[in-house]
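Chemist:
Protein chains in written order, with my numbering: chain W, 8 to 379; chain X, 1020 to 1423.
1. Is it the case that the Cβ atoms of residue 192 (chain W) and residue 164 (chain W) are separated by a distance below 9 Å?
2. Please name the residue in W:66, W:195, W:110 and W:265 whose C-alpha comes closest to that of residue 87 (chain W).
3. How close, in whole Å, do the beta carbons of residue 355 (chain W) and residue 372 (chain W) come, if the pair is a contact with beta carbons under 8 Å?
4. Closer than 8 Å is the cut-off here; do at least three beta carbon pairs connect the segment 37-45 of chain W with the segment 120-129 of chain W?
5. Shorter than 9 Å from the beta carbon of residue 1302 (chain X) to some beta carbon of chain W?
6. Would you verify that the beta carbon of residue 1361 (chain X) is, or is not, closer than 9 Å to some beta carbon of chain W?
7. I want to know whether the segment 201-212 of chain W touches the segment 231-245 of chain W - three or more CB-CB distances under 8 Å.
8. Which residues does DSSP list as the beta-bridge partners of residue 345 (chain W)?
9. Mind checking which residues open and close the alpha helix (DSSP H) that includes residue 1289 (chain X)?
10. Along the chain, where does the beta strand (DSSP E) containing residue 1315 (chain X) start, and where does it finish?
11. Would you say residue 1375 (chain X) lies against chain W (beta-carbon separation less than 9 Å)?
12. For the structure I just gave you, are there three or more beta carbon pairs, one from the segment 362-372 of chain W and one from the segment 1095-1103 of chain X, closer than 8 Å?
13. How is residue 1410 (chain X) classed by DSSP in three states: helix, strand or coil?
14. Residue 12 (chain W) and residue 97 (chain W) - do their beta-carbons sit closer together than 9 Å?
15. Pairs of beta-carbons, one from the segment 326-342 of chain W and one from the segment 264-272 of chain W, closer than 8 Å: are there three or more?
16. Tell me the start and end of each unbroken beta strand (DSSP E) in the segment 205-284 of chain W that is at least 3 residues and wholly inside, in chain order.
17. Who are the near neighbours of residue 126 (chain W) in its chain, counting only those whose CB is closer than 8 Å to its CB and skipping five residues on each side?
18. Would you mind stating whether residue 1027 (chain X) and residue 1109 (chain X) have Cβ atoms separated by less than 9 Å?
19. Touch check for the segment 1138-1150 of chain X and the segment 1165-1175 of chain X: three-plus C-beta pairs under 8 Å?
20. Might you give, ordered along the chain, the residues of its own chain that have their beta carbon closer than 8 Å to the beta carbon of residue 136 (chain W), omitting 5 neighbours on each side?
21. Any C-beta of chain X sitting closer than 9 Å to the C-beta of residue 373 (chain W)?
22. Expressed to the nearest angstrom, what Euclidean distance is found between the alpha-carbon atoms of residue 65 (chain W) and residue 9 (chain W)?
23. Going straight from the alpha carbon of residue 93 (chain W) to that of residue 74 (chain W), what length do you get?
24. Taking only the alpha-carbon atoms, compute the straight-line gap between residue 1356 (chain X) and residue 1250 (chain X) and give it to the nearest angstrom.
25. Hey, how far is the Cα of residue 229 (chain W) from the Cα of residue 351 (chain W)?
26. For residue 1298 (chain X), which residues from the same chain have a beta carbon less than 8 Å from its beta carbon, with the 5 sequence-adjacent residues on both sides left out?
27. Going by C-alpha distance, which of X:1300, X:1242 and X:1223 is nearest residue 970 (chain X)?
28. Using a Cβ-Cβ cut-off of less than 9 Å, give me the residues of the segment 344-361 of chain W that come near chain X, in sequence order.
29. Do three or more CB pairs link the segment 1306-1316 of chain X to the segment 1378-1386 of chain X at distances below 8 Å?
30. May I ask you to verify whether the segment 1116-1125 of chain X touches the segment 1027-1040 of chain X, counting CB pairs closer than 8 Å and requiring at least 3?
31. According to DSSP, which residues form a beta bridge with residue 1138 (chain X)?
32. Where does residue 28 (chain W) fall in DSSP's three states?
33. According to DSSP, which residues form a beta bridge with residue 92 (chain W)?
34. Rounded to whole angstroms, what is the Cα-Cα separation between residue 1197 (chain X) and residue 1078 (chain X)?
35. So within the segment 1206-1233 of chain X, which uninterrupted alpha helix (DSSP H) runs reach at least 4 residues, ignoring any that extend past its ends?
36. So, for residue 1131 (chain X): in the same chain, excluding its five sequence neighbours on each side, which residues have a beta-carbon less than 8 Å away from its beta-carbon?
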């Protein structure tokens, strides 16, 4: 069985989906791409059992056939080859593969395509359409707050809440929380599911740059994202998401408005002098002044900076992990941001200074408990 | 420039303090330590040592060896007080001071000989301490910590020694290998079996041989035997862990009692963490069964100092580790992997009421003592608690009433 395909085109498509393949897998075949050649098209699959991706490439071929090709060798070869048609030939009994380029021949051992895990199909799935721009933004705003704690699986993914009046994306790791809501994109049917972090990272990396509609289908166990010729299928996190609305405080009497970049740069500098494990920084807010300070007793490092701000509320001293604030301020885009506070042991809420239509963003960060 | 390191050691410190408080104890054999069946001798007077008693020996054995010995239970807070008196005097007089235990000090006097000679300065310092506190103290002065420590050992009781520059090897040569700090019973035994009794022999041995027999430790011991030691005098040592343990008078399998004790230990250690603005990321539990087999198990957790995480973590570990149907002799708990910081509040688990309660409890403890408010389950466990802040840079206190 033989087929001919362009090197750059193949490489481009393979790199789109190669992120799924993890370096140390339980099954050796998970280190392979599955090539499925049919009617002059190759469908390529990659999977780690939890997440699968597939894509399509045009090829010259008269026959049909399937073969599993080791991903690393193939990618490394393609990366160094200049643009040219490449001929693949493989034996469907021994799974031996021979690749011919203009300058030589490369032989490698493939694996039985029948051993490749079955990729889930869209059975009894509900379908909605989300513009890739919205999806990309939602992932970008929420992904950093996803937890890595395997003991609380629900938090290891982003909650998708689809509703007739909008879509909400939520992520949290119990220290910080992000809630991103779009009212300009709606679903016919209300549904909610948790998409794991890895799948979203891959999805974000492979979304097309120009705005297209992404077909999102979901059933009780899987979610499917399709756009252009690419498809991503992932197993959903089977856990109950914590009731996040209940923990977002509503009565925040103290409102701080501060320039985002100023605050971000101050925090970046001051946190250099904080403890390298806890990144603890103290905010002292009084009048129109915000003082940010930190210290690392182990190395006798200490720093503070003063910032001008607009503040409406009682004088307050509150401490945060500066890394959390830095992540949040880095993701926010507006010139000014507002921080709502109530007490030193209650959450601080960050919202952008001004919002675009149809978009609501709320970031919440828990303080560390200062003892006096 | 050669260094001048001074090592000072208070002679039979606990006994000397007791004698200060009660002069009737002068010139009598005294056994100080735990008085229960499992008590060990924490300190004994020179009169008692004549009978073969040494510290660390079970109290019962000591009493058999020295029936006329006066047994004293000891009071740790008195010793802490007197130790502080001595520390204060020393701090005032020396540039760099390391307090390596409650009754032992190193001072770096390098460069001070320009004025009146280190030896004279040290002698005057010793007289000052004896005059102001009434406690006997000995010192050794040489070029490094090891030689000075060995010298102090030779000077005792209540005397002083200076090892002249270049005489370190000669001074060490005739002494027993046991005198080298680091050589414990086991290493001493092995050395004896090798026919090595005097430090002189170690000095003559090639370094490689010591390394072959004892590994990395052998190398250090060989260096010490040759009077080589470059370790600096460290004025403030950061605590790397805090721990507590308890030996029972009678071995027990009373799970309820054990768990109450562990709860109480965890509660107290967690308070120590918060008082020192520390967080821990590693909890270790230790169990010693009646057959002296000792087991430990540890778990890594996210950085925390909260009771409601540390207590269940400790109890869980205990339940996992305690899988033998044997009586338990000792349980211990250790928090290690410490960093500076405060507790990161959890969005879902921490109610405001609970946080307020913790803060209020800690405030009461700060004001009225750490045992002033405890969980009901831990009431009556009087020996938990450590009197001082473990993060003040002082070495951990060895309880006078400890048990084996």
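Note that the Cβ used here is the ideal one computed from N, Cα and C, for glycine as well. From a predicted model like this one, the values you see are computed outputs, not experimental measurements.
Modeler: With the given structure in hand:
1. no
2. W:110
3. 5 Å
4. yes
5. no
6. yes
7. yes
8. W:264 and W:358
9. 1274-1294
10. 1313-1323
11. yes
12. no
13. coil
14. no
15. yes
16. 220-225, 229-234, 237-242 and 261-266
17. 52, 54, 59, 61 and 240
18. yes
19. no
20. 220, 221, 222 and 223
21. yes
22. 14 Å
23. 16 Å
24. 24 Å
25. 41 Å
26. 1292, 1322, 1323, 1324, 1357, 1358, 1359, 1360, 1361 and 1362
27. Because residue 970 (chain X) is not part of the residues shown, which for chain X are 1020 to 1423, the question remains open.
28. 350, 352, 353 and 354
29. no
30. yes
31. DSSP, once it has assigned bridges, lists no residue as partnering residue 1138 (chain X).
32. coil
33. W:13
34. 23 Å
35. 1218-1223 and 1226-1233
36. 1023, 1114, 1137 and 1140
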